[in-house]
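J.:
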Amino acid sequence: MGEGPNRGGSSRRWAVQAVEGSPKRLRTDYIDLYRIHHPDPYTDIEETLSALTDLVRAGKVRAIGSSDLPASEIVEAQWVPQRRGRHRLRTEQPTYSILDRGIEREILPACHRYGLCVLVWSPLAGPAHWPLPQERAAAGERPHGPGPPAPRRRAQARRGPAYLPPSPTRTCADARPTSDPPRENAMTVLDARALNRATLARQHLLKRSDRSVSEAVAHLCGLQAQDPQEPFTGLWSRLSDFKPKQLDDALTGRVVVRTHLMRRTVHLVSADDALAWRARHDAMLRRRVLGTYRRELAGIDMDELAAAGRAVMADQRPRTMAELVQALEDRWPGPPRRVLGELLVAALIPMAQLPPRGLWHQTAGVRNLPLSTWLERDIDPVPADGSDPIGQQLLRRYLAAYGPAASADVRAWCGLAGLPAAIKAAREELVVFRDERGRELLDLPDAPRPHPDTPAPVRFLPAFDNAILGYHDRSRIIDAPHLGLSVAGHRTVLVDGRVTATWTVRDHQLHISSLRPLTALEQEAVYTEAQDLTAFLDNRIEHIQLDTEN
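Heads up: the sequence shown begins at 4 in the working numbering, then just goes up one per residue.
As structure tokens, this is what we get:
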């Protein structure tokens, strides 16, 4: 990184220029590890990896890595080398501390799957965890604090790395006893198969639904959609006679919308839900962006920046993230442009990603417009009296589409804080079960809970499908050895209701790779559903390749 617009980012020009000057400055012949400092939305990852590959082949760099990449971009940075013959990233440097453990859900599994070494930064969470040096000096401490006694330090070193247990602040709400009597015997145990069939029924994966696209999107509480083409397959697997034009019409008709919401990821949600839920997500969205870019955004007045961004967008002209940042960077020259842009469009200003982004077989870039401008309605405010009706609504809607589920599952799905109060307020309306490990599971009284032996058809799911990602405990639908698939962007196949294979389309072929031996009947069912999928995708698939372990 350096001063000036051409001395930053991940373009070929700057990547090569920065390396050319480093060996002389460091008095070495080569660089052991050359790392991309941050995601660069202005440079295609293929350009970056091509430049880094040339540097490795020239002997100037031994290994390449990244810093603060989201899981989806880690996966993309592994796929590009496979397709194009580039060198792949070897390390990832995320932020990780006792106060910010978000990488445990998606980043670490993705790194584990692709063999990336993880080198974390900010393990003490900056000043949020330890006193500042001057404060500690005033308290009479040594510069680095007393630390544990030497024998304890040696014991820690012998044990090697450890994984912290869940923070008490995150688990006490689950363990807190309640005086509210449950409406069903809390000793009723639902095994993994019973939970699986309940999920499939509510996700329309046992039987395709006759609902409209807008009704299905609302029932499912949205579909994760950072890859704009994936929701089409997700809806095809759930709806009878689904046609891509139906979703295209819903997007262009502003009935559904693409926006940052749950877990700070782009979701396809109904217009009504986007307006009703956005304000409740604001604090989480800010917190997650700041958790990633704490250093770069130090000293930034968020409210002032948000007001300036809204003023720029007041002319109702759609803008890319780069265009919005260009209009503001003179007032905020400190943060990198990509960091400032992500803060604005993903957290500070509720934005809609406009069509043709998200339309069938379209590859358009992202153009943003304020959500209220695009939908021509104001965003619902958070109640001033401290009540949380949206939290209660989210709980009920989540259970209708994902239940029975634990409170930890609800939090994992939406990423919101403050849900224990909403759960307590709604508890009178709910029934209570237990899973085989004794966890409390909440549910709606009249929600479907099919018999565990109900047959489950083969279903093809898109990447990042919420039927898998929508839980903290995903054991009801995917086995532990394959958990990394759900966060690494693999498309999956359900056989008997569980993730049993992955699928991809390349070179005009549909490739299916099973994760366990398939019986002859299972192979036939997978092949039959695959034929229907190829007819739906309509992109000249000429062959179906099914690779099984047997």
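The beta carbon of each residue, even a glycine, is placed where N, CA and C say it ideally should be.
From R414, F245, G406, H40, pick the residue whose C-alpha is nearest to that of V435; which is it?
T.: As a first step, residue 435 is located in the sequence shown; it is residue number 432 there, counting from the start. Minimum Cα distance to V435 is reached at G406.
J.: Quick one: which unbroken alpha helix (DSSP H) runs of 4-plus residues sit fully inside the segment 373-403? Chain order, please.
T.: 374-378
J.: Can you check which of these residues, Q356, A197, L193, is closest to D230 by C-alpha distance?
T.: Position 227 of the sequence shown, counted from the start, is the residue given in the question as residue 230. For D230, the nearest C-alpha among the options comes from Q356.
J.: Specify, as a first and last residue, the run of the beta strand (DSSP E) that W554 falls within.
T.: Since the displayed the chain opens at 4 and closes at 553, residue 554 lies outside it and no answer follows.
J.: Among the residues of its own chain, which have a CB less than 6 Å from the CB of I39, if the five just before and after it don't count?
T.: For this step, residue 39 is matched to residue 36 along the sequence shown. Shown here for I39: same chain residues with a beta carbon closer than 6 Å to its own, the five before and five after excluded, namely S13, S69 in chain order.
J.: To the nearest angstrom, how far is the alpha carbon of F539 from that of V22?
T.: The residue you call residue 539 lines up with position 536 of the sequence shown. The residue you call residue 22 lines up with position 19 of the sequence shown. C-alpha separation (whole angstroms): 47 Å.
J.: If distances are taken between C-alpha atoms only, which option among R87, G302, S75, Y33 comes closest to A61?
T.: Position 58 of the sequence shown, counting from 1, holds the residue named residue 61. Per the Cα distances, Y33.
J.: Over the uninterrupted alpha helix (DSSP H) stretch that includes D252, give me the two end residues.
T.: On the sequence shown, residue 252 is found 249 positions in, with the first residue counted as 1. Start and end: 247-255.
J.: In this structure, does DSSP put H514 in helix, strand or coil?
T.: If you number the sequence shown from 1, residue 514 lands on position 511. Residue state, collapsed to three classes: strand.
J.: Per DSSP, what are the beta-bridge partners of I34 in this structure?
T.: Looking up residue 34 in the sequence shown gives position 31. For I34, which the question treats as bridged, DSSP gives the partners V64.
J.: According to DSSP, is N371 helix, strand or coil?
T.: Mapped onto the sequence shown, residue 371 falls at position 368. Three-state DSSP puts N371 in a strand.
J.: Following the continuous alpha helix (DSSP H) through D412, name the residue where it begins and the one where it ends.
T.: Here residue 412 is taken as the residue at index 409 of the sequence shown, counted from 1. 410-417 is the extent of the alpha helix (DSSP H) around D412.
J.: Could you tell me the distance, in whole angstroms, from the CA atom of L122 to the CA atom of W377?
T.: Position 119 of the sequence shown, counted from the start, is the residue given in the question as residue 122. Position 374 of the sequence shown, counted from the start, is the residue given in the question as residue 377. So the alpha carbons of these two residues sit roughly 41 Å apart.
J.: Would you tell me roughly how many angstroms separate the C-alpha atoms of I547 and L402, rounded to the nearest one?
T.: Along the sequence shown, read from residue 1 onward, the residue named residue 547 stands at position 544. Along the sequence shown, read from residue 1 onward, the residue named residue 402 stands at position 399. Those two C-alpha atoms are separated by around 37 Å.
J.: For D476 and A409, which I take to be in contact (beta-carbon distance under 8 Å), what is that distance rounded to the nearest angstrom?
T.: Residue mapping note: residue 476 aligns to position 473 of the sequence shown, counting from 1. Residue mapping note: residue 409 aligns to position 406 of the sequence shown, counting from 1. Confirmed, Cβ separation roughly 7 Å.
J.: Sort I481, R543, I544 by Cα distance to A195 and report the nearest one.
T.: To locate residue 195, count along the sequence shown from 1; it is residue 192. Residue I481 is the option with its Cα nearest to A195.
J.: Quick one: any contact between the segment 255-273 and the segment 340-360, if contact means 3 or more CB pairs under 8 Å?
T.: yes
J.: Along the alpha helix (DSSP H) that carries E443, what are the first and last residues, could you check?
T.: On the sequence shown, residue 443 is found 440 positions in, with the first residue counted as 1. Premise fails: E443 lies in the beta strand (DSSP E), 443-446, not in any alpha helix (DSSP H).
J.: Shortest alpha-carbon distance to G105 belongs to which of V490, G118, P520, G500?
T.: Position 102 of the sequence shown, counted from the start, is the residue given in the question as residue 105. With distances taken between Cα atoms, G105 lies closest to V490.
J.: Would you mind sorting L29 into buried or exposed? The rule is 16 or more other CB atoms within 10 Å of its CB.
T.: Counted from its first residue, the sequence shown places residue 29 at position 26. Around the beta carbon of L29, a 10 Å sphere encloses fewer than 16 other beta carbons of the protein chains shown; the residue is thus reported as exposed.
J.: Locate the alpha helix (DSSP H) running through A113, then write down its first and last residues.
T.: The residue given as residue 113 occupies position 110 in the sequence shown. Taken as a continuous stretch (DSSP letters only), the alpha helix (DSSP H) holding A113 covers 110-117.
J.: Identify whether D304 lies in helix, strand or coil by the three-state DSSP scheme.
T.: Taking the first residue of the sequence shown as 1, we reach residue 304 at position 301. DSSP places D304 in coil when its eight states are reduced to three.
J.: Keeping to the same chain, check which residues put their C-beta closer than 8 Å to that of H514; ignore five residues upstream and five downstream.
T.: Indexing the sequence shown from 1 puts residue 514 at position 511. Excluding positions up to five away in sequence, the list reads W506, T507, V508, Q548, D550.
J.: Can you say whether G344 is buried or exposed, counting buried as having 16 or more other CB atoms within 10 angstroms of its CB?
T.: Within the sequence shown, residue 344 is the residue found at index 341, counting from 1. That one is buried.
J.: Find the nearest neighbour of R341 within the set A325, W363, M287, I352, judged by alpha-carbon distance.
T.: Mapped onto the sequence shown, residue 341 falls at position 338. Comparing Cα positions, the closest option is A325.
J.: Determine the extent of the beta strand (DSSP E) in which H41 is found, giving its start and end residues.
T.: Taking the first residue of the sequence shown as position 1, residue 41 is located at position 38. Taken as a continuous stretch (DSSP letters only), H41 belongs to no beta strand (DSSP E), as it is neither H nor E.
J.: Quick check on this structure: which residue in T295, E299, E332 has the alpha carbon closest to the alpha carbon of A311?
T.: By 1-based counting over the sequence shown, the position of residue 311 is 308. When only C-alpha atoms are compared, the closest one is E332.
J.: Who are the Cβ neighbours of P359 in its own chain at under 8 Å, not counting the five residues just before and after it?
T.: Your numbering for residue 359 matches position 356 in the sequence shown. Excluding residues within five positions, the ones whose Cβ falls inside 8 Å are Q365, A367.
J.: Is the beta carbon of W239 sitting closer than 9 Å to the one on I393?
T.: In the sequence shown, the residue the question calls residue 239 occupies position 236. In the sequence shown, the residue the question calls residue 393 occupies position 390. No. Outside cutoff.
J.: Inspect the beta-carbon positions of L488 and R116 and report whether they are closer than 9 Å.
T.: Working through the sequence shown from its first residue, we reach residue 488 at position 485. Working through the sequence shown from its first residue, we reach residue 116 at position 113. Going by C-beta atoms, L488 is nearer than 9 Å to R116.
J.: Within 10 Å of its beta-carbon, does G337 have 16 or more other beta-carbons around it, so buried, or fewer, so exposed?
T.: Counting from one through the sequence shown, the residue named residue 337 turns up at place 334. Label assigned to G337: exposed.
J.: Within 10 angstroms of its Cβ, does L492 collect 16 or more other Cβ (buried), or is it exposed?
T.: Taking the first residue of the sequence shown as position 1, residue 492 is located at position 489. The question names Leu, but residue 492 is Gly in the sequence shown. Its Cβ being crowded by 16 or more others within 10 Å, G492 is buried.
J.: Report the rounded CA-to-CA distance for Q396 versus N371, giving the unit in angstroms.
T.: Taking the sequence shown and counting its residues from 1, one reaches residue 396 at position 393. Taking the sequence shown and counting its residues from 1, one reaches residue 371 at position 368. Rounded to whole angstroms, Q396 to N371 spans 28 Å at the Cα level.
J.: Which same chain residues, not among the five before or five after V315, have their C-beta less than 7 Å away from its C-beta?
T.: Indexing the sequence shown from 1 puts residue 315 at position 312. Around V315: L327, A330, L331.
J.: Compare the Cα-Cα distances from V83 to each of R494, I48, L72, L278 and report the closest residue.
T.: Translated into the one-based positions of the sequence shown, residue 83 becomes position 80. Comparing Cα positions, the closest option is I48.
J.: Enumerate in chain order the residues of its own chain whose CB-to-CB distance from Q206 is below 6 Å, with the five nearest sequence positions on each side excluded.
T.: The residue labelled residue 206 in the question sits at position 203 within the sequence shown. Closer than 6 Å at the Cβ level, and outside the excluded window around Q206, lie A470.
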